Amino acid sequence: MPEFEKLHQAVLDGDQKAARSLTEAMLAEGVAPLDMITKAMVPAMDEVGRRFECEEYFVPELLLSARAMKASMELLRPLLTASGAQPAGRVVIGTVKGDLHDIGKNLVASMLEGGGFEVVDLGADVAPEKFIEAVKQSGAQIVALSALLTVTMPSMRTTIDALNQAGIRNQVKVMVGGAPVTSQFATEIGADGYSENASAAVQLARKLMAGSQA
Amino acid sequence: MTGTALQPARQRVRDTLAHREPDRVPIDLGSTSVTGIHVSVVMGLREYYGLEKQLVKVYDPYQMLGAVEEDLARAMKVDVWGIPRRRSHFGFVNENWKPWRVNGLEVLVAGGFEVDTEPDGSIVIYPQGDRTAAPSGRMPAGGWFFDSIVRQNHFDPDHLDPADNLEEYKPVSEEDLEWNLGWLAVGEMTGRGIIAAFGGTGFGDIATVPAPGLKDPRGIRDISEWYVSLRSRKSHIHAIFERQCELALENLKKIHNAVGDRIDAVYLCGTDFGTQNSAFCSVATFRQLWLPYYSAICKWIHANTRWKCFKHSCGSVERFFESMIEAGFDIINPVQCSAAGMEPEKLKKTYGSRLVFWGGGVDTQKTLAFGTPEQVREEVLRRCEVFAPGGGFVFNPVHNIQAMTPVANVVAMLNAVHEFNGVPNA
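Residue numbers (the working numbering), protein chains in the order written: chain A, 323 to 536; chain B, 838 to 1263.
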């Protein structure tokens, strides 16, 4: 299994070139794409998350690992889709209306993708109706909302209310995060979960998926 | 000391910056781009204090901060005067004011403030007021702030030129010096402590990395690319910081020749090292990438001036304080007490004799924005009790007062400081 270990290490090191070339080589050798994800990619990004949690890694390292992971995933994703393999879950993510900040949201999206989730990233300044449309189109089980500003926190509530009014609130779990957002605020606006960083967001998404399937 | 008695406000500021307990806690509201008030709240405060109806100037359109004019400064009993920046974040000079309406509010913006409304209702702003350039900032529909539009031109990672990321750093001009001297004279007439932000000493401030004031920026301008470079292109970052530092030192010499020791503090850098619960980088990275340049700047200032060195960094940054003190910073702002490891009592006990806390007065993310006036009062009084003893505290909320913050809460905040100070309220 040295190839899996090398790919695992390339993601940990944030070595984009190595991750891509290793993926190409392993595919050429006939390694199954799903195996590469479950045996290298997901454990590597879990380890990245662990190192982030215990402050061995910071934002630059997280971004580098995410890039390495994405370089590999660009090659694997089309093959996975073709084979009908199911992701750990499907997440629609965006920064809420009125808020243009996306660094935190991008980190969460990358960590979720690295955690085996399929991510539909709507970008920043996303209107509630766009979240609704994306949930309907993608069949996502989770909606992840981000806000950095105190003045845009109310847009999270507006988005959740819109999901209710569209009749699809019960189909999805809603998770929220961002600098001024708290667990208490998440409860107040009717979200299903709150995470304080990108790594914890993956654990939360897994927990929400387990809950929704129970 | 000159031997001339200072006005009480300026003496108060100087005492607290020297870690001597002043007659009362000095207050700052509006002196810098990190201790200001959103223009909508400035308008509300002017109305509350019954001041002359006038359009409020926006010197900082990026954050839409409103000017605190002398009548409002007196009403709020503030003790610090800030020399306004000559050029805005978007590169135009703050002059030739004209009205502009946003979200139903009419404000004054500089003549170079040129915007367009997009089909989705968002407003884009042009660098240096040049409509032939690509817009460099965007305010979402119904929003209250601009954010930079990242304009990342292609760059060859194997052939990076530090000069590309230095275009915005230029030798200080005669016009800049005249501007500072003119406003300094105005500031001295107020009798308040004086702070200035001369620019050029913010190393890798993520708000300036996209260079929203340049028409066609080169180099690494994408925010994620910049963060990645802190790890993967350290020698390149060093080369940028080294040249920027050399230029900043040359400028500081010229500026000091002009303004002398007539200012009390200098805002040096707004690079944020903290997040809500952690940090953007390790202490080791800070010491490797930033400490040499911060040290060079602060060392020159302390060797040649009486200015105190002001450092802004949001978030959980207590872990960097020893290094910041070693670099020569005297003042830390905004003292985000709600962030991890930023408990007021611990900060005061551990660093209170070595760092001035310019901020930390009340939480702007929660209490001031969403609390009741009584909750604001209680928090302000608690913070003053912790930070005030022995000096080393300039009252300011944690960062700028945000749009939509209730004016009643801002008044409650000010009244609580006056209550702590034993000063009658307005």
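All C-beta atoms in this analysis are idealised placements derived from N, C-alpha and C, irrespective of residue type, glycine included.
Because the structure is a prediction, the values reported are computed rather than measured.
Alpha carbon to alpha carbon, what distance is there between residue j and residue i?
| i | j | result |
| --- | --- | --- |
| V381/A | E1180/B | 24 Å |
| V1041/B | R1058/B | Looking at the sequence itself, residue 1041/B is Gly, so the reference to Val does not match. The straight-line gap from Cα to Cα measures roughly 11 Å. |
| F1207/B | T1242/B | 7 Å |
| A947/B | V876/B | 14 Å |
| E1215/B | A1240/B | 22 Å |
| F992/B | A1076/B | 17 Å |
| T839/B | E1025/B | With a pLDDT of only 42 at T839/B, under 50, the local geometry of the prediction cannot be trusted, and the value read off the model is given with reservation. Cα-Cα distance, rounded: 15 Å. |
| V1248/B | G1036/B | 32 Å |
| A536/A | A484/A | Per-residue confidence for A536/A stands at a pLDDT of 42, beneath the threshold of 50, marking its modelled position as unreliable; the derived number appears in the next sentence. The alpha-carbon atoms of A536/A and A484/A are separated by roughly 26 Å. |
| A466/A | R1055/B | 34 Å |
| T509/A | V987/B | 34 Å |
| A513/A | H996/B | 47 Å |
| K1145/B | S985/B | 30 Å |
| V961/B | K1091/B | 36 Å |
| Q965/B | N1017/B | 20 Å |
| T1038/B | A910/B | 28 Å |
Taking C-beta pairs closer than 7 Å, name the residues in chain A that residue i reaches, listed in chain order.
| i | result |
| --- | --- |
| G980/B | G420 |
| F1078/B | Under the 7 Å cutoff, chain A gives no residues; its nearest Cβ is about 16 Å from F1078/B. |
| R988/B | By Cβ distance, chain A contributes nothing, its closest Cβ being about 15 Å from R988/B, past 7 Å. |
Classify residue i: buried if its beta carbon has 16 or more other beta carbons within 10 angstroms, exposed otherwise.
| i | result |
| --- | --- |
| P1008/B | exposed |
| K890/B | exposed |
| M348/A | buried |
| G461/A | exposed |
| A1245/B | exposed |
| D337/A | buried |
| A404/A | exposed |
| G926/B | Rather than Gly, the amino acid found at residue 926/B in this sequence is His. So H926/B ends up on the buried side. |
| Q506/A | exposed |
| E435/A | buried |
| D860/B | exposed |
| G489/A | exposed |
| T969/B | exposed |
| T472/A | buried |
| K1148/B | buried |
| N990/B | exposed |
| V1023/B | exposed |
Residue i: which of the options sits nearest, CA to CA?
| i | options | result |
| --- | --- | --- |
| A362/A | G437/A, V498/A, T504/A | G437/A |
| G533/A | S521/A, G515/A, N519/A | G515/A |
| T481/A | Q506/A, P355/A, F453/A | F453/A |
| I413/A | T360/A, L397/A, P450/A, A456/A | One detail in the question is off: residue 413/A reads as Val in this sequence, not Ile. Among T360/A, L397/A, P450/A, A456/A, the Cα nearest to that of V413/A is on A456/A. |
| G1030/B | S1160/B, A1102/B, V944/B | A1102/B |
| G1229/B | I1238/B, L1184/B, R975/B, A1253/B | L1184/B |
| H423/A | A912/B, V1235/B, R975/B | R975/B |
| T360/A | L329/A, D421/A, R373/A, V498/A | L329/A |
| M1250/B | N1262/B, V1217/B, V1231/B, G1259/B | V1217/B |
| V418/A | V503/A, E327/A, A523/A, E510/A | V503/A |
| G1152/B | T1108/B, H1139/B, R1143/B, K1145/B | T1108/B |
| I1043/B | S1066/B, L888/B, S1160/B | S1066/B |
| D357/A | V448/A, E375/A, E325/A | E325/A |
| T1201/B | V1172/B, E1005/B, K1071/B | V1172/B |
| L942/B | G903/B, D852/B, D957/B, E907/B | G903/B |
| E907/B | V1046/B, L1051/B, F1158/B, G1028/B | G1028/B |
| A321/A | A469/A, K339/A, A354/A | The first residue shown for chain A is 323 and the last is 536, placing residue 321/A beyond what the model contains. |
| L892/B | Q900/B, V878/B, Y899/B | V878/B |
| A978/B | A1034/B, V895/B, V939/B, R1219/B | V939/B |
| V1223/B | H1236/B, P1210/B, N1252/B, T1187/B | T1187/B |
I want to verify the contact list: residues of chain B whose CB lies under 9 Å from the CB of residue i, in sequence order.
| i | result |
| --- | --- |
| I425/A | I1043, I1060, S1061, Y1064 |
Strictly below 9 Å CB to CB, what residues from chain A border residue i?
| i | result |
| --- | --- |
| N1114/B | E518, N519 |
Which chain B residues sit within Cβ distance under 7 Å of residue i?
| i | result |
| --- | --- |
| L385/A | S1061, Y1064, V1065 |
| D447/A | P977 |
| V473/A | W981, Q1239, A1240, M1241 |
| E377/A | S1115 |
Residues of chain B with CB under 8 Å from residue i, in chain order?
| i | result |
| --- | --- |
| F380/A | S1115, A1116, F1117, C1118, S1119, T1122 |
Name, please, each residue of chain A whose Cβ falls closer than 8 Å to the Cβ of residue i.
| i | result |
| --- | --- |
| S1069/B | G336, P382, L386 |
| D984/B | L422, H423 |
| Q1202/B | T472, A501, P502 |
inquiry  = Measuring CB atoms only, is the stretch 1174-1194 of chain B touching the stretch 1113-1125 of chain B, in the sense that at least three cross pairs come out at less than 8 Å?
reply    = The stretch 1174-1194 of chain B vs the stretch 1113-1125 of chain B: in contact.
message = For the stretch 1122-1137 of chain B against the stretch 1159-1174 of chain B, do three or more pairs of beta-carbon atoms, one drawn from each stretch, fall closer than 8 Å, so that the two count as touching?
response = By the Cβ criterion, the stretch 1122-1137 of chain B is in contact with the stretch 1159-1174 of chain B, since at least three pairs of Cβ atoms, one from each stretch, lie closer than 8 Å.
inquiry  = For the pair the stretch 841-855 of chain B and the stretch 388-399 of chain A, tell me if three or more CB-CB distances fall below 8 Å.
reply    = Counting Cβ pairs under 8 Å, fewer than three are found: no touch.
inquiry  = For the stretch 906-922 of chain B against the stretch 933-951 of chain B, do three or more pairs of beta-carbon atoms, one drawn from each stretch, fall closer than 8 Å, so that the two count as touching?
reply    = The stretch 906-922 of chain B makes no contact with the stretch 933-951 of chain B: fewer than 3 CB pairs, one atom from each, lie closer than 8 Å.
Proximal residues, the stretch 492-506 of chain A versus chain C, C-beta separation under 7 Å = The displayed structure is made up of protein chains A and B, and chain C is not among them.
inquiry  = For the stretch 879-890 of chain B against the stretch 1001-1018 of chain B, do three or more pairs of beta-carbon atoms, one drawn from each stretch, fall closer than 8 Å, so that the two count as touching?
reply    = Between the stretch 879-890 of chain B and the stretch 1001-1018 of chain B there are fewer than three C-beta pairs closer than 8 Å, too few to call the two in contact.
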